[in-house]
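Letter 50 of the sequence shown, counting from 1, is numbered 67 in my numbering, and no numbers are missing. Below is one structure, written out as structure tokens; comments come after it.
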Amino acid sequence: MCEHNQQSTSNEPSQANLSQQITSLIPDHPVCKEALVIAQTSLPASVFYHSIRIFLYTAAILSSSTPSEDVSPIPATPISPHVVFVASMLHDLGTTPTYDDSPHRFEVCGADAAVHLLRKHQVPETSVREAWLAISLHTSAAIAERVDGLVRALRLAVRADFGMYPVPDLGVSGEAMESDEIVERWLPRLGVAGDLTGAIIQQGLRRPEKVPDNSWAGGLVRQRKADPNWKW
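Written out as structure tokens, the structure is:
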């Protein structure tokens, strides 16, 4: 499991507030309440709101009636909404200073944290495994997209939030609403790209083993070393 420093504090924990419209969409399950607290007290506001958007997008992709294209022949494992929420909220938890001294990739640190939380709430191991895979593979281009179910949905949700995949249609309070309106009104971006990549780069410069050369994070660190002023 990914070790973490209990003495560390997160970088600018969000304490971000959520509208009633958004909180009403969070699954009513004890593990979701705990995951929300962990994310809200650990992540910067920009990454916290990003994680909420990822939950909305992931859930929408999973519930879409459109058949998946070009996916593995291995059938998807059905996943409950509370597991989707935990995976979404903790997928970037490994970027926080709590895990700066861990030798493991940030994706793995977040995945391990999700496993610990889900097991604490006695979630079935098949679902725990799917959550771990979804988080650990969410930056693995051309692999995660092929694994149908939560792994693919979370990966596509992340791509959608950074403009690399069509944003799925969302329905809020029974009313279809464009994603841009939701972001502008309730879930502002607040410079999430810079906050996330900045944290990942700092971790990689501190512990190079966290960012293998062939990983997305490794590419970020190479860019920063080549140009100290470079930003994603």
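Where is the CB? At the ideal position from N, CA and C, for every residue including glycine.
Just to confirm, is the Cβ distance from residue i to residue j under 8 Å?
| i | j | result |
| --- | --- | --- |
| L204 | R122 | no |
| L79 | A170 | yes |
| M106 | L53 | yes |
| E51 | I96 | no |
| P185 | S36 | no |
| I218 | L187 | no |
| R224 | P120 | yes |
| V64 | L173 | no |
| D178 | S89 | no |
| C19 | F102 | no |
| A131 | A104 | yes |
| T94 | T40 | no |
| V145 | L135 | yes |
| P98 | P141 | no |
| W233 | T113 | no |
Would you call residue i buried or exposed, if buried means 16 or more other Cβ atoms sit within 10 Å of its Cβ?
| i | result |
| --- | --- |
| G191 | Low per-residue confidence applies at G191: pLDDT is 49, beneath 50, and the placement is therefore not dependable, though the value from the model is reported in the following sentence. Classification of G191: exposed, given that the 10 Å Cβ count is below 16. |
| D109 | buried |
| G111 | buried |
| G221 | buried |
| G127 | buried |
| R241 | buried |
| D9 | No answer is possible for residue 9: the residues shown for the chain start at 18 and end at 249. |
| E124 | buried |
| K248 | exposed |
| H133 | exposed |
| T58 | exposed |
| A151 | buried |
| P47 | exposed |
| N231 | exposed |
| D250 | Residue 250 cannot be examined here, being either before or after the span of the chain that is shown, 18 to 249. |
By the DSSP assignment, the alpha helix (DSSP H) with residue i in it spans what residues?
| i | result |
| --- | --- |
| K50 | 47-59 |
| F65 | 62-80 |
| R176 | 167-178 |
| V238 | 233-243 |
| L222 | 209-223 |
| I39 | 37-40 |
**Q.** Minimum length 4: unbroken alpha helix (DSSP H) runs contained in the stretch 83-164
**A.** 98-107, 123-137, 142-153
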